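S.K.: Residue numbers for the sequence shown follow our numbering, so the first one is 26 and each next one is one higher.
All residues carry an ideal CB built from backbone N, CA and C; glycine is no exception.
Note that the structure is predicted; figures quoted are calculated from it, not measured.
Mind looking over this structure? Questions follow.
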Amino acid sequence: ENLIRYGNHALTYRIVDRIFSQVPRKFTSKVEGKMGYEDFVYFILAEEDKSSEPSLEYWFKCIDLDGNGVLTRNEMQFFYEEQLHRMECMAQEPVLFEDILCQMIDMIKPQDESYIMLRDLKGSKLSGSVFNILFNLNKFMAFETRDPFLIRQVTVLVYVGIKQERENPTLTEWDRFAHREYIRLSMEDDVE
């Protein structure tokens, strides 16, 4: 129940169910149905830096419903259906699965276009976007509404620290997340 609220309700129920089924990783908590601190930290690392190898493995296991090491069209559609429903509820223009599937195939460029394997994801810099499309509505909407020209520009927003992030392309998604959280917490402390 608490995890579904993570990131302003960004995650789908289906992906949270998979996490709590302990498919990607067994929980260290001794309390049934509860994440321990270590489990939550592992989840945050996987969620906020989907470019890392452990993160790719974590989310791949979640989406691979039958555990055969292959993401099929049906498995991806199963997770995307909830995203589609959420978009419709928010009066957003829905993006049909067929269009999304073509986009994901173009991004990943798998060896065989009828399925995606973990090695295909590890070979693409856009793998994190595939997972966001399937189960993180906020990051998916940000991805869909991005302006390719603005992405290339260096926006000078020094008071939020974004200039430093955009000027340093070597930062990982985790580095960016940690930096944004630090700034947010610092601003909260200043207000108090």
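Roughly how many whole angstroms lie between the Cα atoms of S211 and R205?
M.R.: The residue given as residue 211 occupies position 186 in the sequence shown. The residue given as residue 205 occupies position 180 in the sequence shown. Those two C-alpha atoms are separated by around 10 Å.
S.K.: Per DSSP, what kind of secondary structure is N33 in: helix, strand or coil?
M.R.: Numbered from 1 along the sequence shown, position 8 holds the residue referred to as residue 33. DSSP, reduced to helix, strand and coil, places N33 within a helical segment of the structure shown.
S.K.: Going along the chain, which residues of its own chain have a beta-carbon closer than 8 Å to the beta-carbon of M142, five neighbours each way excluded?
M.R.: Along the sequence shown, one-based indexing puts residue 142 at 117. Only G94, V95, L96, P135 and Q136 meet the Cβ criterion.
S.K.: At what residues does the alpha helix (DSSP H) containing M142 begin and finish?
M.R.: Within the sequence shown, residue 142 is the residue found at index 117, counting from 1. Per DSSP, M142 belongs to no alpha helix (DSSP H); it is in the beta strand (DSSP E), Y140 to M142.
S.K.: Go through the segment 34-112 residue by residue and report every complete run of the alpha helix (DSSP H) that reaches 4 residues or more, in order.
M.R.: 38-45, 62-73 and 78-88
S.K.: Near T197, what residues of its chain come up, given a Cβ to Cβ distance below 8 Å and the 5 sequence neighbours on each side ignored?
M.R.: Translated into the one-based positions of the sequence shown, residue 197 becomes position 172. The residues are D74, S76 and S77.
S.K.: Taking 8 Å as the threshold (C-beta atoms), are F104 and L159 in contact?
M.R.: Counting from one through the sequence shown, the residue named residue 159 turns up at place 134. Counting from one through the sequence shown, the residue named residue 104 turns up at place 79. Taking the C-beta atoms as reference points, F104 is found nearer than 8 Å to L159.
S.K.: In this structure, how does DSSP classify N27 when only helix, strand and coil are distinguished?
M.R.: Within the sequence shown, the letter at position 2 stands for residue 27. Assigned with DSSP and collapsed to three states, N27 falls in coil, not helix or strand.
S.K.: Could you give the distance in angstroms between the alpha-carbon of L81 and the alpha-carbon of C114?
M.R.: By 1-based counting over the sequence shown, the position of residue 81 is 56. By 1-based counting over the sequence shown, the position of residue 114 is 89. Cα-Cα distance, rounded: 29 Å.
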